[in-house]
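**Student:** Please read through the structure below; I'll follow up with questions.
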Amino acid sequence: ETGVTQTPRHLVMGMTNKKSLKCEQHLGHNAMYWYKQSAKKPLELMFVYNFKEQTENNSVPSRFSPECPNSSHLFLHLHTLQPEDSALYLCASSQSSHYTEAFFGQGTRLTVV
Amino acid sequence: ELKVEQNPLFLSMQEGKNYTIYCNYSTTSDRLYWYRQDPGKSLESLFVLLSNGAVKQEGRLMASLDTKARLSTLHITAAVHDLSATYFCAGHSGTYKYIFGTGTRLKVLA
Chain Y
2 ETGVTQTPRH LVMGMTNKKS LKCEQHLGHN AMYWYKQSAK KPLELMFVYN FKEQTENNSV
62 PSRFSPECPN SSHLFLHLHT LQPEDSALYL CASSQSSHYT EAFFGQGTRL TVV
Chain H
15 ELKVEQNPLF LSMQEGKNYT IYCNYSTTSD RLYWYRQDPG KSLESLFVLL SNGAVKQEGR
75 LMASLDTKAR LSTLHITAAV HDLSATYFCA GHSGTYKYIF GTGTRLKVLA
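Chains as they are written, first to last, in our numbering: chain Y, 2 to 114; chain H, 15 to 124.
Following this line, the structure appears as structure tokens:
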């Protein structure tokens with residue numbers, strides 16, 4: 002596997018369910034990100050981790066809980082979501098030096114019913 | 015807080031024509047990125063612009079950066095159908111924050 006891998010690619014969950022999204026990067030990067038992409042809003046930055054430490058929580062509701070056990074893995078734990086949380090969730094990674102772009106995974110298409 | 019705006023939001027153009035997508039940002043961003051997203055796919059990096067006056071070209075796409083005007087442009091030359099996609103610009107806020115514009119959905123008509 003190369004690049005940034007996200008699983009699952011598609012997820013349908015009820016509002017009372019608990020599920021997790023997984024992201025793994027094989028690029029040797031030290032920063033990882035969760036973004037939300039919905040039809041109504043541009044790419045919204047949710048969380049940033051650098052060397053496993055959370056450096057940004059962009060006022061995300063507590064029903065979204067990130068976890069970064071090491072620099073290669075990032076999880077997004079979901080519980081009691083709302084239908085408006087249905088979106089494409091994108092994981093990205095970057096090298097936290099100055100001049101590099103972020104590399105994105107394929108995303109998880111989440112539908113909350 | 016850095017804000018990034020793109021225009022137009024939608025662009026429908028004929029094959030063979032030229033057009034420019036504009037990206038304005040609100041505060042200092044010492045680097046600017048352009049990405050492409052195909053429907054149902056992830057974001058693919060196109061250009062990284064690191065300094066004022068930077069210009070990069072790849073095929074029919076050329077990107078430039080004017081940090082004084084807080085403006086980046088993505089110019090499309092002689093568009094072809096394969097360029098149909100959504101294009102995003104992104105600025106950098108702090109060390110680890112990539113802030114994206116609203117995207118420009120480009121459709122190239124045969």
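Just so you know, even glycine gets a beta-carbon here, dropped at the ideal spot from N, CA and C.
Small disclaimer: the values here were computed from a predicted structure and weren't measured.
Of the residues that make up the stretch 56-71 of chain Y, which ones have a beta carbon closer than 7 Å to any beta carbon in chain H?
**Tutor:** Listed by position, the residues of the stretch 56-71 of chain Y near chain H (Cβ gap below 7 Å) are 56 and 57.
**Student:** Should residue 16 of chain Y go down as buried or exposed, given a rule of 16 or more other Cβ atoms within 10 Å for buried?
**Tutor:** So residue 16 of chain Y counts as exposed.
**Student:** So which of H:96, H:92, H:55 and H:20 has the shortest CA-CA distance to residue 108 of chain Y?
**Tutor:** Checked all of H:96, H:92, H:55 and H:20; the closest Cα to residue 108 of chain Y is H:55.
**Student:** Flag residue 76 of chain Y as yes if its beta-carbon sits less than 7 Å from any beta-carbon of chain H, otherwise no.
**Tutor:** False, the Cβ-Cβ gap to chain H never drops below 7 Å.
**Student:** Measure the C-alpha to C-alpha separation of residue 16 of chain H and residue 101 of chain H and round it to an integer number of angstroms.
**Tutor:** Taking the straight line from one Cα to the other gives about 19 Å.
**Student:** For residue 121 of chain H, which residues in chain Y fall below 7 Å Cβ to Cβ?
**Tutor:** Simply none; closest approach about 17 Å.
**Student:** Report the residue ranges of all beta strand (DSSP E) runs contained in full by the stretch 11-48 of chain Y; include only those spanning at least 3 residues, in chain order.
**Tutor:** Here the runs fully enclosed are 11-14, 19-26 and 32-38.
**Student:** Could you have a look at residue 15 of chain H and say whether DSSP puts it in helix, strand or coil?
**Tutor:** Correct three-state label for residue 15 of chain H: coil.
**Student:** Take residue 10 of chain Y as the anchor and find which of Y:62, Y:32 and Y:90 has the nearest alpha-carbon.
**Tutor:** Minimum Cα distance to residue 10 of chain Y is reached at Y:90.
**Student:** Can you round the beta-carbon distance between residue 94 of chain Y and residue 47 of chain Y to whole angstroms, since I take them to be within the 8 Å contact cut?
**Tutor:** Actually they do not touch by this definition, with Cβ atoms about 14 Å apart.
**Student:** Assuming residue 96 of chain Y and residue 30 of chain Y are in contact, meaning their beta carbons sit under 8 Å apart, how far apart are those beta carbons, in whole angstroms?
**Tutor:** Confirmed, about 5 Å.
**Student:** Which chain H residues are close to residue 105 of chain Y, counting only those with a beta carbon under 7 Å from its beta carbon?
**Tutor:** Going along chain H in sequence order, the residues near residue 105 of chain Y (Cβ under 7 Å) are 56 and 57.
**Student:** Looking at residue 68 of chain H and residue 75 of chain H, is the spacing between their C-beta atoms short of 7 Å?
**Tutor:** For residue 75 of chain H and residue 68 of chain H, no; Cβs fall outside 7 Å.
**Student:** Should residue 12 of chain Y be flagged as near chain H, meaning a C-beta pair shorter than 7 Å?
**Tutor:** False, the Cβ-Cβ gap to chain H never drops below 7 Å.
**Student:** Specify the secondary structure class of residue 52 of chain H as computed by DSSP and reduced to three states.
**Tutor:** In the structure shown, residue 52 of chain H sits in coil (DSSP, three-state: anything other than H, G, I, E or B).
**Student:** Might you give, ordered along the chain, the residues of its own chain that have their beta carbon closer than 7 Å to the beta carbon of residue 8 of chain Y, omitting 5 neighbours on each side?
**Tutor:** Result list for residue 8 of chain Y: 23, in chain order.
**Student:** Pull up the DSSP beta-bridge partners for residue 71 of chain H, would you.
**Tutor:** For residue 71 of chain H, which the question treats as bridged, DSSP gives the partners H:76.
**Student:** Taking all protein chains shown into account, do 16 or more other C-beta atoms lie within 10 angstroms of the C-beta of residue 64 of chain H, making it buried, or fewer, making it exposed?
**Tutor:** Exposed: under 16 other Cβ atoms inside 10 Å.
**Student:** Bridge partners for residue 123 of chain H per DSSP, in chain order?
**Tutor:** For residue 123 of chain H, which the question treats as bridged, DSSP gives the partners H:28.
**Student:** Just the Cα atoms here: how many angstroms apart are residue 43 of chain H and residue 58 of chain H?
**Tutor:** Those two C-alpha atoms are separated by around 21 Å.
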